[in-house]
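Protein chains in written order, with my numbering: chain U, 1274 to 1596; chain F, 118 to 455.
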């Protein structure tokens, strides 16, 4: 079943929320309101959204250092996330995580991971829980082209095949691992076929097309839920921003970012297609855009108004009990 | 009370906890053995036979043989612990920490804190350490210091069968990631071990001998060397406290400091390289918190600052021996300040 009207509008709202979230975070970073490092997901929204539309709160995901989008798509609270990233009280990780460790544990978003390749072994564990406890939950590891080259990822894929676990390895190939091209760093040039070599089915998809991503992820999720073992997807995409905020992106070709932003904007592609297929009207989309703008404006205002975490919280939650 | 070996006590702790709690699983390399082979299943029961018998009782869904893939084992255990299981993951030799440490110190140890107290990681890493079996530089190390320094981890080093069972049951029931360091020299040692399940709290040191002249703090197998030395010196009228912290994280600082306040002299023994080790850590704690009580400089008795050599003559020289401990005790007793 392709996306119906309600599903599409929900998905569009999620994508728009991620885009606006990243834009606002970028602005606030520029104003000096956000400490630390930021890696933005702008441009890749259709991938997290298309996958998470196939998941419930009971399913698990792990994410990368570029994790805001995954967290929003899995149902993370935008207000709490903004407070976390702005290092304020009420943040989703109590001010102890920040952008690179954003999480929504209660929604099955088990955490962004600032170690490239750190997540895939963990999702094997979440999938092992599902299998051992006899639930039909699935686990999805979002990984980049950079993470696809890590040994931990290879080990995770192999173990998932050996134990026939409901794990999906979703590789978002945005063309760059920091400032090095995927075409240089991925030896085989083809992440999907490499995953296939581990003994699991793998598909490629245009990561800028929410409709295609949704359909491909649906196949993967159905495969895993029916006990057929792991699945891999390689979604090709580009990132609109640098590796980190402040990255001058001198490694990118002249005019490349501008061209790709025009050609591969998943929100524009989704909107145009939906209007053509009569899944949505321009008025509906504009209304969502406005509502999302207001939501984010309020999130930023609330975060700015919140105090920093209490220093007395420094040593809480290192351990489960008195140490 | 029945006499059991260290190996049997550890096995019994796992079996009893697996019967009590269906979310406890065992995962690792050859924890049963024979997967995909034509011969016996449970052929190994762990390379030292510590998990023998668990596979026949609990089956392949709870006693999981993996490929040789330490990062994936530790990561899978951490991810499973975050999502409803209580895995006991086996890291066959502690030396293999190098190929999976990220999943332990950057992932498992940090979930709870990094995610604002909303995640937890109730897993146990059972691992085997200790030199003297001529295993060479990569099958002999005790790397307890490397895990003790990580906030979020708890570290247990049982030195006898009774402690091993009670501490392992505590570790399995603990809601944090616990590194359980088994000394491979101790598997055949035995003592009285109750049949029923029992727990021993972390952070409570055990006094093996009580004395007033010198405090000896020792870790893992070196505890037994320290006891032998203390017993020998007792015949000369020298009385030593022999303290086994049992867990290096949390560490029972109070017990050590109270002892030093009586004896005024401290010898710390471990079988690790000397820099930034457990002996160094305990020395610094005592120097900071009980300086006024000290009547002699603290002496550390550790291994040498080199990889562990293979040849028996060299390895024996690398390891701290009873004679080294005895010399250190005599040294602090003979200190006159001149």
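The beta carbon of each residue, even a glycine, is placed where N, CA and C say it ideally should be.
Residues of chain F with a Cβ closer than 7 Å to the Cβ of residue 1497/U do not exist, since the nearest Cβ in that chain sits about 15 Å away. By the neighbour-count criterion, in which 16 or more other beta carbons inside 10 Å mark a residue as buried, residue 1374/U falls on the buried side. As DSSP reads the structure, residue 307/F sits in a beta bridge with 122/F. In the assembly as shown, residue 424/F is an exposed residue. Its beta-carbon has fewer than 16 other beta-carbons within 10 Å. The shortest C-alpha to C-alpha distance from residue 1344/U to any of 1464/U, 1391/U, 1287/U is the one to 1287/U. Contact between the segment 1570–1579 of chain U and the segment 1351–1371 of chain U is established, with three or more Cβ pairs separated by less than 8 Å.
Between residue 271/F and chain U, the shortest Cβ-Cβ separation is below 9 Å.
Taking a contact as a CB-CB distance under 8 Å, the pair residue 330/F and residue 380/F counts as one, their CB atoms being some 6 Å apart. DSSP places residue 1497/U in the uninterrupted alpha helix (DSSP H) bounded by 1483–1498. Secondary structure note for residue 268/F: it is in no alpha helix (DSSP H), with a DSSP letter that is neither H nor E.
Within the segment 1344–1355 of chain U, not one residue has a Cβ closer than 8 Å to any Cβ of chain F. Interface flag for residue 1388/U against chain F is set, since a Cβ pair is found closer than 9 Å.
In summary, residue 179/F is buried, with 16 or more beta-carbon neighbours lying within 10 Å of its beta-carbon over all protein chains present.
As the crow flies, the alpha-carbon of residue 1319/U is around 13 Å from that of residue 1507/U.
Looking at the backbone, the Cα of residue 1464/U and that of residue 1278/U are separated by about 33 Å. Closest in alpha carbon position to residue 1329/U, among 1421/U, 1410/U, 1593/U, is 1410/U. Using a CB distance cut-off of 9 Å, residue 1503/U does not count as an interface residue toward chain F. Judged by their CB atoms, residue 1358/U and residue 1307/U are nearer to each other than the 9 Å cut-off. Chain F has a Cβ within less than 9 Å of the Cβ of residue 1333/U. Residue 358/F places its beta carbon 9 Å or farther from that of residue 313/F. In this structure the segment 1561–1575 of chain U does not touch the segment 273–280 of chain F; the number of beta carbon pairs closer than 8 Å is below three. A contact is defined here as three or more CB-CB pairs under 8 Å, and the segment 231–240 of chain F meets this definition with respect to the segment 186–201 of chain F. In this structure, residue 246/F keeps its C-beta atom at 9 Å or more from the C-beta atom of residue 310/F. Residue 1522/U is positioned such that its CB atom lies closer than 9 Å to that of residue 1515/U.
Assignment of beta-bridge partners to residue 364/F by DSSP yields 273/F. A Cβ-Cβ distance of about 5 Å is found for the pair residue 296/F and residue 272/F, placing them in contact under the 8 Å criterion.
Under the DSSP assignment, residue 1430/U falls in the alpha helix (DSSP H) whose first and last residues are 1424–1435. The way I'd put it, the segment 217–228 of chain F doesn't touch the segment 155–174 of chain F; fewer than three beta-carbon pairs between them come closer than 8 Å. Residue environment analysis places residue 1366/U among the buried positions, since at least 16 neighbouring C-beta atoms fall within 10 angstroms of its C-beta. Within the model, the alpha-carbon separation for residue 427/F versus residue 1422/U is close to 36 Å. Distance from residue 1426/U to residue 1416/U at the Cβ level is roughly 6 Å; contact confirmed, criterion being Cβ atoms closer than 8 Å.
Taking C-alpha positions only, residue 270/F is separated from residue 294/F by approximately 5 Å. Residue-level contact check: residue 1580/U does not touch chain F, since none of the beta carbons of chain F fall below 9 Å from its beta carbon. For residue 1374/U, a Cβ of chain F is located within less than 9 Å of the residue's own Cβ.
The segment 1451–1466 of chain U makes no contact with the segment 1296–1310 of chain U; the number of CB pairs closer than 8 Å stays below 3.
Assigned with DSSP and collapsed to three states, residue 1320/U falls in helix.
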